[in-house]
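Asker: Number 119 in this note's numbering belongs to position 119 of the sequence shown; there are no gaps in the numbering. Below is a structure I'd like to ask you about.
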Amino acid sequence: MNEKVLSLNDLTMSYSGKTVLNGINLDVYRGQIIGYIGPNGAGKSTTLKIILGLIEGYGGTVEILGKNIASNNDSYKQKIGYVPENAEIYDTLTAAEYLTFIGELYGLERQKAEDKALRLLQQFDMEEVFHARISSFSKGMRQKVLIISSLLHNPDIIFLDEPLSGLDANSVMVIKDMLEDLANQGKTIFYSSHIMDVVEKISNRIVLLVNGKIAADGSFDELKAQSHEGSLEGIFNQLTGFDVHKVTAENIVSIVTEDGPHE
Ligand SMILES: Nc1ncnc2c1ncn2[C@@H]1O[C@H](COP(=O)(O)OP(=O)(O)OP(=O)(O)O)[C@@H](O)[C@H]1O
């Protein structure tokens, strides 16, 4: 498990002169579950999109399984899975069509992709909608389809951007256990989310990004020992210098209610 699978070296990114990533250095090892957290706009999705080859014009290097992703060989993409935060999902397709299509893109044979997709959907009690259009699905059902689509090709590294969005409590438990099992099998999980109690539970390493720089990196216990806060939520608030939640909440309520009840 000491194999380095991902290496970010002095990663930088700017949009129209505004620095978004300001020199990220990070080595990730096989079997790790990285909780990648940070305030809104910190640069988490940007990091993921660069690693996935979706954004160009960045500075520094990204190595996946020892190869620089810029060396214009896309074969590394076969080894990674991605659950994006906002997915373009082809609404007019059925779950069967969509998942088979994605499976084929990743190099699976059509029949194999379809069969695997159905068996995975069955695990979420969704086999009845295998041939229904995705446009008729609830938010949670779509999310399950997305998660399945990222796993069909048995990737080595899985990137998840807010993957539990819309999932009910039972499904959340399944996904949490599934991620742990995958990591135990040597898969590497890169997990970005704002749901601190889940990140705290599933990650064996937490990386906090603030203003495009890594502000903390360690296990939950290590971060806890450094900050003397009892929860990841508390650590997050402390390390991001946010201590005005009560005042902000009071301000919001006072603005909302300032004119009394609406007649
Ligand atoms: N295509 C773009 N053009 C211009 N600015 C962008 C673009 N994409 C992202 N940004 C800016 O880069 C910064 C980082 O965005 P990013 O989506 O990486 O943050 P994040 O940490 O994922 O935030 P969130 O927690 O809200 O999802 C933000 O200020 C955002 O406005």
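Glycine is no exception: its CB is placed at the ideal position from the N, C-alpha and C atoms.
Going by Cα to Cα distance, which pick from 84, 17, 76, 65 is closest to residue 267?
Answerer: This structure does not reach residue 267, given that the chain is present from 1 up to 263, and the question cannot be answered.
Asker: Note down the Cα distance separating residue 232 from residue 197, rounded to an integer number of angstroms.
Answerer: Numbered from 1 along the sequence shown, position 232 holds the residue referred to as residue 232. Numbered from 1 along the sequence shown, position 197 holds the residue referred to as residue 197. For residue 232 and residue 197, the distance between alpha carbons rounds to 7 Å.
Asker: Within 10 angstroms of its Cβ, does residue 63 collect 16 or more other Cβ (buried), or is it exposed?
Answerer: If you number the sequence shown from 1, residue 63 lands on position 63. Under this definition residue 63 is a buried residue.
Asker: Under the assumption that residue 213 contacts residue 176 (Cβ atoms under 8 Å), give the Cβ distance between them as a whole number of angstroms.
Answerer: Residue 213 sits at position 213 when you count from the first residue of the sequence shown. Residue 176 sits at position 176 when you count from the first residue of the sequence shown. Residue 213 to residue 176, Cβ: 29 Å. No contact.
Asker: Nearer than 8 Å: is that true of the beta carbon of residue 56 relative to any heavy atom of ligand 1?
Answerer: Mapped onto the sequence shown, residue 56 falls at position 56. For ligand 1, not one heavy atom lies less than 8 Å from the Cβ of residue 56.
Asker: What are the start and end residues of the alpha helix (DSSP H) that includes residue 167?
Answerer: In the sequence shown, counting from the first residue as 1, residue 167 sits at position 167. It is not in any alpha helix (DSSP H) - residue 167 carries neither H nor E in the DSSP assignment.
Asker: I need the DSSP call for residue 13, collapsed to helix, strand or coil.
Answerer: In the sequence shown, counting from the first residue as 1, residue 13 sits at position 13. Of the three classes helix, strand and coil, the one that applies to residue 13 here is strand, per DSSP.
Asker: Is residue 39 near ligand 1 - that is, is its Cβ less than 8 Å away from at least one heavy atom of it?
Answerer: Looking up residue 39 in the sequence shown gives position 39. Under cutoff, so the answer is yes.
Asker: Are there three or more Cβ pairs, one per stretch, closer than 8 Å when the region 55–62 is compared with the region 171–189?
Answerer: Result no; under three Cβ-Cβ pairs closer than 8 Å.
Asker: Under 6 Å Cβ to Cβ from residue 123, same chain only, skipping five residues before and after it: list those, please.
Answerer: Translated into positions along the sequence shown, residue 123 becomes position 123. Nothing listed; no residue qualifies.
Asker: Once DSSP output is grouped into helix, strand and coil, what is the label at residue 184?
Answerer: Within the sequence shown, numbered from 1, the residue matching residue 184 stands at position 184. Here residue 184 sits in helix by DSSP.
Asker: Residue 99 and residue 152 look like a contact to me (Cβ under 8 Å); what is the Cβ gap, rounded to whole Å?
Answerer: Mapped onto the sequence shown, residue 99 falls at position 99. Mapped onto the sequence shown, residue 152 falls at position 152. Right, the Cβ-Cβ distance comes to about 7 Å (below 8 Å), so this counts as a contact.
Asker: Below 8 Å, is the gap between the Cβ of residue 46 and the nearest heavy atom of ligand 1?
Answerer: Taking the sequence shown and counting its residues from 1, the one referred to as residue 46 is at position 46. Yes; taking the cut-off as 8 Å, the Cβ of residue 46 has a heavy atom of ligand 1 nearer than that.
Asker: Quick one: does the C-beta of residue 223 sit closer than 8 Å to a heavy atom of ligand 1?
Answerer: Within the sequence shown, the letter at position 223 stands for residue 223. Not under cutoff, so the answer is no.
Asker: Cβ of residue 5 versus every heavy atom of ligand 2: is any distance shorter than 8 Å?
Answerer: Of the ligands one can find in the structure shown, namely ligand 1, none is ligand 2.
Asker: Short of 8 Å in beta carbon distance, which residues of its chain neighbour residue 108, apart from the five on each side in sequence? Order them along the chain.
Answerer: As a first step, residue 108 is located in the sequence shown; it is residue number 108 there, counting from the start. Same-chain partners within the cutoff: 116, 152, 153.
Asker: State yes or no: is the C-beta of residue 165 nearer than 8 Å to some heavy atom of ligand 1?
Answerer: Stepping through the sequence shown from its first residue, residue 165 is reached at position 165. Residue 165: no, Cβ never under 8 Å from ligand 1.
Asker: Quick one: grab the DSSP three-state call for residue 259.
Answerer: The sequence position of residue 259 within the sequence shown is 259, counting from 1. Correct three-state label for residue 259: coil.
Asker: Rounded to whole angstroms, what's the CA-CA distance from residue 228 to residue 222? Just pull it up for me.
Answerer: Here the question's residue 228 lines up with position 228 in the sequence shown. Here the question's residue 222 lines up with position 222 in the sequence shown. About 10 Å.
Asker: In the DSSP assignment, find the alpha helix (DSSP H) that holds residue 278 and state where it starts and stops.
Answerer: No answer is possible for residue 278: the residues shown for the chain start at 1 and end at 263.
Asker: Tell me whether residue 59 counts as near ligand 1, meaning its Cβ is closer than 8 Å to at least one heavy atom of that ligand.
Answerer: Reading the sequence shown from its first residue, position 59 is the one you call residue 59. False, no ligand heavy atom lies under 8 Å from that Cβ.
Asker: Please state if the CB of residue 188 and the CB of residue 5 are separated by a distance shorter than 9 Å.
Answerer: By 1-based counting over the sequence shown, the position of residue 5 is 5. By 1-based counting over the sequence shown, the position of residue 188 is 188. Yes, the Cβ-Cβ distance between residue 5 and residue 188 is below 9 Å.
Asker: Should residue 44 be labelled buried (16 or more other beta-carbon atoms within 10 Å of its own) or exposed?
Answerer: On the sequence shown, position 44 is the one that residue 44 refers to. So residue 44 ends up on the buried side.
Asker: At a cut-off of 8 Å, would you count residue 20 as near ligand 1, judging by its Cβ distance to the nearest heavy atom?
Answerer: The sequence position of residue 20 within the sequence shown is 20, counting from 1. Flag set: Cβ of residue 20 near ligand 1.
Asker: With respect to 8 Å, is the separation between the Cβ of residue 85 and the closest non-hydrogen atom of ligand 1 below this value?
Answerer: On the sequence shown, position 85 is the one that residue 85 refers to. Residue 85 Cβ: within cutoff of ligand 1.
Asker: Helix, strand or coil, according to DSSP, for residue 76 in the structure here?
Answerer: Against the sequence shown, residue 76 aligns to sequence position 76. In this structure, residue 76 counts as helix in the three-state DSSP scheme.
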